[in-house]
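Novice: Can you read through this structure? Questions will come right after.
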Amino acid sequence: MEKSIKHEYIILGFILIIASALRLAWIFYCDTVPVFDFLKYHLGAVSLASGQGYKLFGHYTAFEPVGFSFYLSLIYRVFGENLLAPKILNVFLSVDSVFLVYLLGKRYFRAETGLLAAILLALSPRQIVYTSVISTEILFTYFLLLTLLLFSKETRKMSKPLLLGLCGAVLAYIKPFMMLFFMLGFPMLLIQRRHEDKKETQIEANYQKQIEGIKHKTIGVYENPGRERKQSGFWEALFGSLGWSVMIALVMLLAILPWSIRNYQVFNKVIPISSNGGITLYLNNNDYAEGHWQDPFKIPGSPIAGMKNEETGFWDEIKVDELAGAEGKRWILNNPQKFAKLGLQKTYHVYKNAADVQFAVDYTSSGGPLENRGWVYQVSDIAHKLLLGGLVFYMLMALANLFWRRDALKGQASIWLIWLTFSATFFVFEGQPRYLFPMVPLFCLLIAWSMTWLASGIRLIVRKDKK
0 MEKSIKHEYI
10 ILGFILIIAS
20 ALRLAWIFYC
30 DTVPVFDFLK
40 YHLGAVSLAS
50 GQGYKLFGHY
60 TAFEPVGFSF
70 YLSLIYRVFG
80 ENLLAPKILN
90 VFLSVDSVFL
100 VYLLGKRYFR
110 AETGLLAAIL
120 LALSPRQIVY
130 TSVISTEILF
140 TYFLLLTLLL
150 FSKETRKMSK
160 PLLLGLCGAV
170 LAYIKPFMML
180 FFMLGFPMLL
190 IQRRHEDKKE
200 TQIEANYQKQ
210 IEGIKHKTIG
220 VYENPGRERK
230 QSGFWEALFG
240 SLGWSVMIAL
250 VMLLAILPWS
260 IRNYQVFNKV
270 IPISSNGGIT
280 LYLNNNDYAE
290 GHWQDPFKIP
300 GSPIAGMKNE
310 ETGFWDEIKV
320 DELAGAEGKR
330 WILNNPQKFA
340 KLGLQKTYHV
350 YKNAADVQFA
360 VDYTSSGGPL
370 ENRGWVYQVS
380 DIAHKLLLGG
390 LVFYMLMALA
400 NLFWRRDALK
410 GQASIWLIWL
420 TFSATFFVFE
430 GQPRYLFPMV
440 PLFCLLIAWS
450 MTWLASGIRL
460 IVRKDKK
């Protein structure tokens, strides 16, 4: 057993070295500069690092979520306004995400699945090229994986919901739709508790079989200490999970409250984290929406037309958010069928290609795109098609698993809950290929499971035939 574990760690170490080498080579090969939303994150971080508060274009802001800018500001305080420093940290977080995927695969499935998923993620072009992009994706994905690892830990200690609440707050500070994290937490906790209860019941049953096989009666300290313990039932697991979900919500509330108070003091309005929800809702839900980003100020009949300051490139973010948000909600309520159809279009734009690598290769310090960048698009496109093909393969294996072995249902269900949460966000808001980024590690886990499941199934059939 020790030899097997040692062999496993050697393979893992080799995977992490390869992942590190590829990512380090990339950030020195492609000198990406921040643009669009990424530039706003950078400017907000510079403002925070200089002690001026969270500002954009000289004005206090809550437009972009503060989480990533705050993280960047800590780096800038230590290393100065140096774009290489956050890129190196991107490499560290990206490689550590490979390690977390291995741990998740081993915990939810088996060691072979964890290693295979780690290989897939280590070689993912999208995960590699984003290390040169100063954006939320790598940091958010890292904390998402860390949170999933916490969910999967078999413990009833009160530290678990407290830590999950803190992780949920971090995720919400980076991407505000995760403010509903505690709602996602409830079914995930319930799945975990039911799994633990069934596992404990099985251990108890195995113990009883061993005792019954002993001819003499056990007495005193040799009696099973768990014999008289009441077995946990569904309702106990349900209310226990509900209680922990409430704790997660309270911890998140306490962690987010200081920023909400700051926003109220600055804008005289309750803004939990950011003020871009309304404008994002509107630009993706109107008569001219096509399922992807468009300029909300130039949409025909836009309620916020002309409100953008062309000199600074900014606007009255509170008024714009209120007007745009109201129009977006009105359109959805009045056009439920169009909204549903548009939601499918948004989802299509998320999955259709890997065009989001443009943020790495099209905007560099040279003032133009990376030379000979075509190969990056080609490799990324091939990898994306393989990813989608792998998901189709997983679906087939998962369906077969329901009727044959029913293996690893807990791990799959947990990943599916996150997948559905992200899908609901795409459906309501915007469809962009980069929004798929946090799901890639989880897809690698599912694909790796399907491959190892099939391989183990074949081995099982071969052994039966030999007998």
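Heads up, the sequence shown is in numbering that gives the first Met the number 0, so the first residue is 0 and it goes up one at a time. Virtual Cβ for every residue (Gly too), placed ideally from N, Cα, C.
#1: I think Leu138 touches Leu92, with their Cβ atoms under 8 Å apart; what is that distance to the nearest whole Å?
#2: Around the Cβ of Tyr70, are there at least 16 other Cβ atoms within 10 angstroms (buried) or fewer (exposed)?
#3: Could you tell me the alpha carbon to alpha carbon distance between Pro299 and Asn285, rounded to whole angstroms?
#4: Residue ranges of each beta strand (DSSP E) run of no fewer than 3 residues wholly in the stretch 7-58, ordered along the chain?
#5: Within the same chain, show all residues whose beta-carbon is closer than 7 Å to that of Glu227, passing over the 5 residues directly before and after it, in chain order.
#6: Assuming Val439 and Ser123 make a contact with CB atoms under 8 Å, what is their CB distance in whole Å?
#7: Buried or exposed for Leu403, going by 16 or more other Cβ atoms inside 10 Å?
#8: Using the Cβ count rule (16 or more neighbours within 10 Å means buried), how would you classify Ala20?
#9: Closer than 7 Å: is that where the CB of Leu441 sits relative to any heavy atom of the ligand ADP?
#10: Suppose contacts are defined by Cβ-Cβ distances below 8 Å. Is Lys86 in contact with Ile118 by that definition?
#11: Have a look at Tyr221 and Ala236 and give me their C-alpha separation to the nearest angstrom.
#12: Please classify Trp403: does DSSP put it in a helix, a strand, or coil?
#13: Is it buried or exposed for Pro335, if we count other Cβ within 10 angstroms and need 16 for buried?
#14: Roughly how many angstroms separate the alpha carbons of Lys68 and Thr60, rounded to a whole number?
#15: Here's the rule: buried if 16 or more other CB atoms are within 10 angstroms of the residue's CB, otherwise exposed. What is Tyr28?
#16: Give me the residue from Phe421, Thr363, Gly342 with the minimum Cα distance to Asp30.
#17: Pop quiz: Met177 and Leu188 are said to be a contact at Cβ under 8 Å. What is the actual Cβ separation, rounded to whole angstroms?
#18: Figure out for me which residue from Ile381, Phe428, Thr451, Val356 has the closest Cα to the Cα of Tyr393.
#19: Where does Lys469 fall in DSSP's three states?
#20: Tell me the residue span of the alpha helix (DSSP H) that contains Val132.
#21: Do you know offhand how far Arg76's Cα is from Lys297's?
#22: From Leu161, Ala325, Ile247, pick the residue whose C-alpha is nearest to that of Gly277; which is it?
#23: Taking only three categories from DSSP, how would you classify Thr363?
#24: How big is the Cα-Cα spacing for Arg458 and Leu253?
#25: Does Lys197 come out as helix, strand or coil in the three-state DSSP assignment?
#26: What is the C-beta distance between Ile247 and Gly342, in whole angstroms, given that I count them as a contact (C-beta under 8 Å)?
#27: Taking just the CA atoms, how far does Ile190 sit from Ala397?
Specialist: The structure says:
#1: Here residue 138 corresponds to residue number 139 of the sequence shown, with the count starting at 1. Here residue 92 corresponds to residue number 93 of the sequence shown, with the count starting at 1. With 8 Å as the limit, Leu138 and Leu92 qualify as a contact, their Cβ atoms being about 6 Å apart.
#2: Indexing the sequence shown from 1 puts residue 70 at position 71. So Tyr70 counts as buried.
#3: One-based indexing of the sequence shown puts residue 299 at position 300. One-based indexing of the sequence shown puts residue 285 at position 286. Going from the Cα of Pro299 to the Cα of Asn285 covers about 10 Å.
#4: none
#5: The residue labelled residue 227 in the question sits at position 228 within the sequence shown. No answer about Glu227 holds up, because its pLDDT of 46 lies below 50 and its placement is not dependable.
#6: For the purposes of this step, residue 439 is taken as residue 440 along the sequence shown, with counting starting at 1. For the purposes of this step, residue 123 is taken as residue 124 along the sequence shown, with counting starting at 1. Their Cβ separation, rounded to whole angstroms, is 6 Å, which keeps Val439 and Ser123 in contact under 8 Å.
#7: Along the sequence shown, read from residue 1 onward, the residue named residue 403 stands at position 404. In the sequence as displayed, the identity of residue 403 is Trp instead of Leu. Classification of Trp403: exposed, given that the 10 Å Cβ count is below 16.
#8: Here residue 20 is taken as the residue at index 21 of the sequence shown, counted from 1. Counting Cβ neighbours within 10 Å, Ala20 comes out exposed, since fewer than 16 surround it.
#9: With respect to the ligand ADP, the structure shown offers nothing to examine, as it has no ligands at all.
#10: Taking the sequence shown and counting its residues from 1, the one referred to as residue 86 is at position 87. Taking the sequence shown and counting its residues from 1, the one referred to as residue 118 is at position 119. Annotated as distal: Lys86 and Ile118, with beta-carbon spacing of 8 Å or more.
#11: The sequence position of residue 221 within the sequence shown is 222, counting from 1. The sequence position of residue 236 within the sequence shown is 237, counting from 1. Legend: pLDDT at Tyr221 = 45, less than 50; position of this residue unreliable, value from coordinates given subsequently. Taking the straight line joining both Cα atoms gives about 30 Å.
#12: If you number the sequence shown from 1, residue 403 lands on position 404. Note: Trp403 maps to coil in three-state DSSP.
#13: Looking up residue 335 in the sequence shown gives position 336. Exposed, by the Cβ-count rule.
#14: On the sequence shown, position 69 is the one that residue 68 refers to. On the sequence shown, position 61 is the one that residue 60 refers to. A quick correction: the sequence has Ser, not Lys, at residue 68. One C-alpha to the other measures close to 12 Å.
#15: Taking the sequence shown and counting its residues from 1, one reaches residue 28 at position 29. Tyr28 should be labelled exposed.
#16: Here residue 30 refers to the residue found at position 31 when the sequence shown is read from its first residue. Nearest in C-alpha terms to Asp30, of all of Phe421, Thr363, Gly342, is Thr363.
#17: In the sequence shown, the residue the question calls residue 177 occupies position 178. In the sequence shown, the residue the question calls residue 188 occupies position 189. Not really, about 16 Å apart at Cβ, beyond 8 Å.
#18: The count along the sequence shown starts at 1 and reaches residue 393 at position 394. Selected option, being the one with the closest Cα: Thr451.
#19: It is not possible to answer for residue 469, since the shown part of the chain is limited to 0 through 466.
#20: Against the sequence shown, residue 132 aligns to sequence position 133. Run containing Val132: none; DSSP gives neither H nor E here.
#21: As a position in the sequence shown, residue 76 is number 77, starting the count at 1. As a position in the sequence shown, residue 297 is number 298, starting the count at 1. Within the model, the alpha-carbon separation for Arg76 versus Lys297 is close to 38 Å.
#22: To locate residue 277, count along the sequence shown from 1; it is residue 278. If we check each option's Cα against that of Gly277, Ala325 comes out closest.
#23: Taking the sequence shown and counting its residues from 1, the one referred to as residue 363 is at position 364. Thr363: strand per DSSP, three-state reduction.
#24: Looking up residue 458 in the sequence shown gives position 459. Looking up residue 253 in the sequence shown gives position 254. So the alpha carbons of these two residues sit roughly 52 Å apart.
#25: Within the sequence shown, the letter at position 198 stands for residue 197. Helix, per DSSP.
#26: Taking the first residue of the sequence shown as position 1, residue 247 is located at position 248. Taking the first residue of the sequence shown as position 1, residue 342 is located at position 343. Their Cβ separation, rounded to whole angstroms, is 28 Å, which puts Ile247 and Gly342 out of contact at 8 Å.
#27: In the sequence shown, residue 397 corresponds to position 398, counting from 1. In the sequence shown, residue 190 corresponds to position 191, counting from 1. Distance between the alpha carbons of Ala397 and Ile190 is about 18 Å.
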